[in-house]
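Enquirer: Provided herewith is a single structure, encoded as structure tokens, for subsequent inquiry.
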Amino acid sequence: MSKRGKTFNIMFAGVGGQGLMLLSAILGKAAVDSGLKAMTGEQHGLSQRQGSIYVHFRIGEPISPLIPYGKADMMIAMEASEALRYVEYLKEGGVVIMSSRIMPSVTETKSVALDKEKKTKYLTVDDIATKLKQVTDKIVLLDSLELAIKAGNARTENSVLIGATVACEDFPIPAEEVRKAVLALVPPKTIDANSRAFDLGRDAGSACLG
Amino acid sequence: MTLEDVKRTDSGPALMLANEAVVRGALEAGVKVVAFYPGSPTSEILDRFGEVLEHFGDFKMQISANEKVALETVAGASMAGQRSFTSMKSVGMNVASDSMFSIGYTGLNAGCVCLIADDPYAHSSQSEQDGRYFGEAAYVPMIEPATAQEALDMTKWAFEVSEKHKTLVIMRTTTRVNHQRGMVNLGTLNRTPFKRNKWADVKGQYFTVGSVARALKAKLLKKNEAIKRDFEKTHFNKVVPGGGNVGILTAGVCFLHVMEAMQNLDIALPVFKLGTLFPLPEKKLADFIRSLSTLIVVEELSPYLETRIAALAQRVNPKLNIVGKRSGFFSEMLEYNVPIVEKVLAEVVDKKISIDYDAVLKKAQKLKEILPERPPIFCPGCPHRGTLWAFRQALQQLRIRDKIVFNNDIGCYSMAFLPPNEFSDSMLAMGASLGISAGMEMSLEDKVIAMVGDSTLYHAALPGIVNLIHHNSNVTLFVLDNSVTAMTGQQFNPNSPFDAGGTPARKINMEKLFEGLGADKIVIIDPYETRDCIGPIKDAIESDGFSVIISRRECALYGDREKKKRGEKIIPGENVKETCRVIYACVKEFYCPAIVIDESDAKMVIQQDLCDGCLECREVCPVDAPRHMEVKK
């Protein structure tokens, strides 16, 4: 929570097509069902896939839809490089929950391919984590795909990430409300896998933050 | 979920996107006819109305060919006694404004509301156009909400103002209001069945020219005075009390930035939160500024409020120090946020900002130096990628790359401007490529080529096409026929056999249209057969007269959804490494985000969860290395 104990700010970041809007809707429902107020500043618009996208998500007593720089208590990144892209919003010592998945941009692929000496390498999760560590040491790095497959469905990566949020001690929404919201909004056939994915994410989060 | 909240009949709290709150507000106000052309950041309004159309079954809806038609449609419904609503993006009003100015004169009958959404920062628009001037210019009342709750409440109020004063009401928003999700207290929903009226029961006169226009103008000025008196009293123009002789004037989302900035600074200046942009509540504003020494005006884009309050201050408080854009505190560029506002407030009242935002930004900038850009690109499976590749090949083979001019238009294909295509000599406004081409064709030695999508074709390109054919112009036009209005969320358009909510409609026959108009050559290509497109494109470009290349393949996002409905699976591609000779045509010239490089052998790999299985990359590959994965039965 911020100094005033009123507003908890989460910056969601990812790549178009990853389901960021669903993730934000899940936390929105969980917040409202817990009697908390929520507000978001979302990026809709051009519907192209694979672009950089974000949601400003605020719980408590937010006034503006946009989180001020340096005031996000948490960042949830569905793609690792996108965590760094919005690092100006992260507060010093804030929690980063991020997938280890990197989706290279086409321009990066081009520079890797066309380097005749093959010295140009893709940006790695370690490169990103090293930079993020200059802002916070609370980084939960999840192999969300592996955990999702372990949960029984490769498409439950978002539940893994959202499970990790409740491991954060300041997180204002009770864990069971978050789980309920996840299960209410995912396709009915995938409820069991999503429930397991949520638990795996929560356990992984606790291991990192505990 | 919010769609359920739009549908529920009881009152109560809900978490809603402001665009959805607008839909709910219009439904609560008893709207009966809605019409739209999609445009960011308003498209979700159209989409939600479409999603609840069948559920309610008590209102009529059309996806119009363009915003002017949409506004005329809802104006016609209002004249016919039905409450009606439309919304459009900032530049949509440019298209609609021809009729809007006349509607200002004639007035209307049943409540009629038009939302226009400006886009500071030009997130998804061709300019940072400030639409606030439309209200004053057309003598049409204009209001502005700040939150999702106000979006609902002011929509309902707008219907009342409209019906009481028999006028169109414009509700102006900005992107950060439209795409803000917040807590909303819903009112109850009492829908009534749709009933057609008899003209004799509702009729009025909506005709303006010459002496009629002059008489209407005199009436209009009186009407504006009456509206102004109402606006002096509305609670949507409110003063948030505070201490001292420094005050703030603001409206819309800036009000929220102001309140949060003041909380951060632990100050409470008096704030005038304006809800009516035209007419301005001048008496109330005069009372507010009379005793102030300094007024901070917080508004994005042009100094609309600042100019008007400065004029008012000349009369009531000539010594008032105005802190705004003219004094250099605020920019006319981009959108605002809490840090921008907090810095100015801190400077004016001499307080320390809550954190050093500039230091945070500077540090972030440094950390991000290693980060590759993620430029906007076409989706995996996008047919435009293939069309543009074949277009480039055709120009290369004809050796005319530097002997053509290419006028692009508005749509996803506007991205031809970006790598790897990096060409587009102009791109202005919906359908503008045709008129621009007419002027260039008269003036240049070069071959003139234009490009429009199917939705843009029917929106505003037809008069330009008629004009070119009529004048025997030597122009080649690409029509990218991808079945839907892709960029704004794959809405239907006159090129679809469907209307809003999936109701049946008549698809306009594009080939017959061009035949009927007298196009000299019409070729149809399939961008998924990418290589085979090159020849026909060359033929069309080389032929005399007005030639049309229809590149036909549905939008990948739309196509995928349709496949899913039919139970079909997407079969992704794979790169056969034994065949791959690391020529990198797929990387250099194609920019598909599903394509990456395996660092161990430097060969291309297709990320299967991103691949759409279009195999356009195989068409581009000189050795046919990519192929479909084998499907496990």
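Chain order of the listed sequences is A and B. In terms of this note's numbering, the first sequence is residues 24 to 233. In terms of this note's numbering, the second sequence is residues 232 to 864. Glycine residues also receive a C-beta, built at the ideal position from the N, C-alpha and C atoms. Computed from a predicted model, the values in this text were never measured in an experiment.
Closest to B/Pro372 by C-alpha separation, out of B/Leu302, B/Gln360 and B/Lys459, would be which residue?
Expert: Taking the second sequence and counting its residues from 1, the one referred to as residue 372 of chain B is at position 141. Nearest option by C-alpha distance: B/Lys459.
Enquirer: Which ranges would you report for the alpha helix (DSSP H) in the segment 246-320 of chain B if only whole runs of at least 4 residues count?
Expert: 249-259, 274-287 and 298-310
Enquirer: Where A/Arg27 and A/Leu155 are concerned, what is the direct C-alpha to C-alpha distance, given to the nearest angstrom?
Expert: Translated into positions along the first sequence, residue 27 of chain A becomes position 4. Translated into positions along the first sequence, residue 155 of chain A becomes position 132. Because the pLDDT at A/Arg27 is just 48, under 50, the model does not fix this residue reliably, and the value given afterwards should be weighed accordingly. So the two alpha carbons sit approximately 25 Å from each other.
Enquirer: Is DSSP giving B/Phe503 helix, strand or coil here?
Expert: Translated into the one-based positions of the second sequence, residue 503 of chain B becomes position 272. Correct three-state label for B/Phe503: strand.
Enquirer: Using the three-state DSSP reduction, which class does B/Pro614 fall into: helix, strand or coil?
Expert: Along the second sequence, read from residue 1 onward, the residue named residue 614 of chain B stands at position 383. Looking at B/Pro614 - three-state DSSP - the assignment turns out to be helix.
Enquirer: Per DSSP, which one or two residues make a beta bridge with B/Ala178?
Expert: In the structure as shown, chain B starts at 232 and stops at 864, and residue 178 of chain B therefore has no counterpart that could be examined.
Enquirer: Kindly identify the DSSP beta-bridge partner or partners of B/Asn806.
Expert: Mapped onto the second sequence, residue 806 of chain B falls at position 575. B/Asn806 pairs with B/Pro857.
Enquirer: Only counting the same chain, and skipping five residues up and downstream in sequence, which positions put a Cβ closer than 7 Å to that of B/Tyr644?
Expert: Along the second sequence, one-based indexing puts residue 644 of chain B at 413. Spatial neighbours of B/Tyr644 in its own chain (CB-CB distance under 7 Å, excluding positions within 5 residues in sequence) are listed in chain order as His615, Met682, Gly684 and Leu711.
Enquirer: Determine which residues of the segment 74-106 of chain A have a Cβ less than 7 Å from any Cβ of chain B, and write them out in chain order.
Expert: Flagged, chain order: Gly74, Ser75, Ile86, Ser87, Pro88, Leu89, Pro91, Tyr92, Gly93 and Ser104.
Enquirer: For B/Pro650, collect the residues of the same chain with a Cβ closer than 8 Å to its Cβ; drop the 5 residues on either side in sequence, then sort them by chain order.
Expert: As a working note, residue 650 of chain B is residue 419 in the second sequence. If we look at B/Pro650 and ignore the five residues flanking it on each side, its Cβ neighbours are Pro606 and Tyr822.
Enquirer: Using CA atoms only, rank isn't needed, just tell me which of B/Lys752, B/Tyr689 and B/Leu452 is closest to B/Leu665.
Expert: By one-based count along the second sequence, residue 665 of chain B stands at place 434. It is B/Tyr689 whose Cα lies nearest to the Cα of B/Leu665.
Enquirer: Can you pull the chain A residues whose beta carbon is under 7 Å from the beta carbon of B/Arg784, in chain order?
Expert: The count along the second sequence starts at 1 and reaches residue 784 of chain B at position 553. What B/Arg784 touches in chain A: nothing, since even the nearest Cβ is about 16 Å away.
Enquirer: Could you tell me the distance, in whole angstroms, from the CA atom of B/Phe745 to the CA atom of B/Asn705?
Expert: Your numbering for residue 745 of chain B matches position 514 in the second sequence. Your numbering for residue 705 of chain B matches position 474 in the second sequence. Roughly 15 Å separates the two Cα atoms.
Enquirer: Can you tell me where the beta strand (DSSP E) with B/Asp872 in it begins and where it stops?
Expert: Not covered by the structure: residue 872 of chain B. The range shown for chain B is 232 to 864.
Enquirer: Which residues in chain A sit within 7 Å of B/Glu491, going by Cβ to Cβ distance?
Expert: Position 260 of the second sequence, counted from the first residue, corresponds to residue 491 of chain B. Simply Ile86 and Ser87.
Enquirer: The ligand FAD heavy atoms versus the CB of B/Phe609: any closer than 7 Å?
Expert: As far as ligands go, the structure on display features none, and thus does not contain the ligand FAD.
Enquirer: Mind checking whether B/Ala816 and B/Cys852 have CB atoms under 8 Å apart?
Expert: What you label residue 816 of chain B is simply residue 585 of the second sequence in a count that begins at 1. What you label residue 852 of chain B is simply residue 621 of the second sequence in a count that begins at 1. Against a cut-off of 8 Å, the Cβ pair of B/Cys852 and B/Ala816 comes out as a contact.
Enquirer: Is it a yes or a no for the segment 286-302 of chain B touching the segment 753-767 of chain B, going by three-plus beta-carbon pairs under 8 Å?
Expert: no
Enquirer: Measure from the alpha carbon of B/Gly747 to the alpha carbon of each residue in B/Cys343, B/Ile700 and B/Thr378, then state which is nearest.
Expert: Working through the second sequence from its first residue, we reach residue 747 of chain B at position 516. That would be B/Ile700, whose Cα lies nearest to the Cα of B/Gly747.
Enquirer: Please confirm if A/Gly37 has its CB atom under 8 Å from at least one CB of chain B.
Expert: The sequence position of residue 37 of chain A within the first sequence is 14, counting from 1. Judged by the 8 Å Cβ criterion, A/Gly37 is not in contact with chain B.
Enquirer: Between B/Lys794 and B/Thr716, what straight-line distance do the alpha-carbon atoms span, to the nearest angstrom?
Expert: Reading the second sequence from its first residue, position 563 is the one you call residue 794 of chain B. Reading the second sequence from its first residue, position 485 is the one you call residue 716 of chain B. Those two C-alpha atoms are separated by around 18 Å.
Enquirer: Excluding the five sequence neighbours on either side, which residues of its own chain have a C-beta within less than 6 Å of the C-beta of B/Thr707, listed in chain order?
Expert: The residue labelled residue 707 of chain B in the question sits at position 476 within the second sequence. Closer than 6 Å at Cβ, skipping near neighbours: Ile680, Ala771, Ile772 and Ser778.
Enquirer: If you draw a straight line from the alpha carbon of B/Val528 to that of B/Met319, how long is it in whole angstroms?
Expert: As a working mapping, residue 528 of chain B is identified with position 297 in the second sequence. As a working mapping, residue 319 of chain B is identified with position 88 in the second sequence. B/Met319 has its alpha-carbon roughly 27 Å from the corresponding atom of B/Val528.
Enquirer: Is any beta-carbon of chain A found at less than 8 Å from that of B/Gln357?
Expert: Numbered from its first residue, the second sequence carries residue 357 of chain B at position 126. For B/Gln357, the answer is no, since every Cβ of chain A falls outside 8 Å of its Cβ.
Enquirer: The segment 552-573 of chain B: which residues have C-beta closer than 8 Å to a C-beta of chain A, in chain order?
Expert: Within the segment 552-573 of chain B, the residues whose Cβ lies closer than 8 Å to some Cβ of chain A are Asn568, Val569, Pro570 and Glu573, listed in chain order.
Enquirer: When burial is assigned at 16 or more other CB atoms within 10 Å of the CB, is A/Ile151 buried or exposed?
Expert: Mapped onto the first sequence, residue 151 of chain A falls at position 128. Flag for A/Ile151 reads buried.
Enquirer: Let me see if you follow: with CB-CB separation under 8 Å, is B/Gln839 close to chain A or not?
Expert: Residue numbering aside, residue 839 of chain B sits at position 608 when the second sequence is read from its first letter. Chain A, which has no Cβ nearer than 8 Å to the Cβ of B/Gln839, makes this no.
Enquirer: How big is the Cα-Cα spacing for B/Ile401 and B/Val326?
Expert: The residue labelled residue 401 of chain B in the question sits at position 170 within the second sequence. The residue labelled residue 326 of chain B in the question sits at position 95 within the second sequence. So the two alpha carbons sit approximately 15 Å from each other.
Enquirer: Does DSSP put A/Leu45 in a helix, a strand or coil?
Expert: Mapped onto the first sequence, residue 45 of chain A falls at position 22. Reduced to three states, the DSSP call for A/Leu45 is helix.
Enquirer: Can you name, in chain order, every residue of its own chain whose Cβ lies under 7 Å from the Cβ of B/Asn568, other than the five neighbours on each side?
Expert: Here residue 568 of chain B is taken as the residue at index 337 of the second sequence, counted from 1. Excluding sequence neighbours, B/Asn568 sits near His488.
Enquirer: Where DSSP assigns a beta bridge to A/Ala36, which residues make up the other side?
Expert: To locate residue 36 of chain A, count along the first sequence from 1; it is residue 13. BP columns for A/Ala36 point to A/Tyr77 and A/Ala100.
Enquirer: Would you mind stating whether B/Glu872 and B/Glu531 have Cβ atoms separated by less than 8 Å?
Expert: In the structure displayed, chain B extends from 232 to 864; residue 872 of chain B sits before or after that span and is not available.
Enquirer: In chain B, which residues lie with their C-beta within 7 Å of the C-beta of A/Thr132?
Expert: As a working mapping, residue 132 of chain A is identified with position 109 in the first sequence. Within chain B, the residues near A/Thr132 are Val818, Ile826, Val827 and Ile828.
Enquirer: Could you say which of B/His859, B/Gly473 and B/Phe503 lies nearest to B/Cys485 if we only look at CA atoms?
Expert: Along the second sequence, read from residue 1 onward, the residue named residue 485 of chain B stands at position 254. The shortest Cα separation from B/Cys485 among B/His859, B/Gly473 and B/Phe503 belongs to B/Phe503.
Enquirer: For B/Val818, does the three-state DSSP call read helix, strand or coil?
Expert: Locating residue 818 of chain B in the second sequence gives position 587, counting from the first residue. DSSP places B/Val818 in helix when its eight states are reduced to three.
Enquirer: Report all residues from its chain with a CB closer than 6 Å to the CB of A/Phe194; omit the five preceding and five following residues, and keep chain order.
Expert: Counting from 1 along the first sequence, the entry for residue 194 of chain A is found at position 171. Correct list, in chain order: Thr188.
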